[in-house]
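Data block below; observations after.
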Amino acid sequence: MTFVDWLTIAPIFMLLSLGPGPNNFMAMSNGINQGPVAALVGTIGRNFAFGLLMLVSALGLGAVIVSSSLLFNVVKWAGVCYLLYMGIKTWRNAAQGIDTGEAVLVKQVSYVALIRQEFIVAISNPKAILIFTAVFPQMLNLDKPVMIQFLIMGMTFIVTEFIASYIYAVAGNQIKRFIKSSKGVIRLNRSMGAVFVAASAVLASASR
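In this note's numbering, each number is its position in the sequence shown, counted from 1, plus 35.
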């Protein structure tokens, strides 16, 4: 893969990473409640999951999952259930750690928990598998070492995911800064809970 080839795929991956989706919504939610740095740390879980999915795709197993109705639906519905769980949890815990006055205090979540949440959402998203099995192969130059190209594309995608995650986290954090009351933060958190539920509905409608 030449540098010119890389300059072609990098913007495409950046656009894919910036698209609204469950993991980016989670980064925004974490940016609101935990801050951009914590949200960025959580992205480690997302990219670890994506790295595993890339490996699965490189070994040809991604195509098996996509072509198998049973396997595809198992992954999809696992993702739907977890997003629904996160939506309900976020809604119900919207006021957790916030006092009754105007000062806004948010309960801190461990980095391990943030990483775990991002990992589960990413690994159970069949659309990610579709990207790695359908988009990546089209960008390969079969006249050159395929695995090296796949590795470069994978590393590029992971970097763009970190960038996108940070952008969403900062956006969420900036939105929170404009909200001066605890009631406003509660409404914002409940809105994010509703977004997770909506994302679960969208994922439920996904097909191969």
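We treat Cβ as the ideally placed atom computed from N, Cα and C, and that holds for glycine.
**Study point:** Per-residue burial, G228 [other beta carbons within 10 Å of its own, 16 or more giving buried]
**Key:** buried
**Study point:** Within 9 Å, strictly: CB atoms of V91 and I164
**Key:** yes
Exercise for review: Could you tell me which of R222, N208, Q173 sits nearest to I47, measuring between CA atoms?
Suggested key: Q173
Review point. Applying the criterion that 16 or more other CB atoms from any shown protein chain within 10 Å of the CB defines a buried residue, is T78 buried or exposed?
Key: That one is buried.
Point to revise | Collapsed DSSP secondary structure at I202 in the structure displayed | key: It is helical.
Check your understanding: Starting from A241 and walking both ways along the alpha helix (DSSP H), at which residues does that stretch end?
Key -> Here A241 belongs to no alpha helix (DSSP H), and DSSP marks it neither H nor E.
Exercise for review: Within the same chain, show all residues whose beta-carbon is closer than 8 Å to that of M89, passing over the 5 residues directly before and after it, in chain order.
Suggested key: F167, F171, F185, G189, F192
Exercise for review: Run the CB neighbour count on M36, radius 10 Å, all protein chains shown included, and call it buried at 16 or more, exposed below.
Suggested key: buried
Check your understanding: From A84 to F213, what distance separates their C-alpha atoms?
Key -> 34 Å
Point to revise | For L140, three-class secondary structure by DSSP | key: Summary for L140: the model assigns pLDDT 48, below 50, so the residue's position carries little reliability; its value from the coordinates is reported in the next sentence. Looking at L140 - three-state DSSP - the assignment turns out to be coil, as it is neither helix nor strand.
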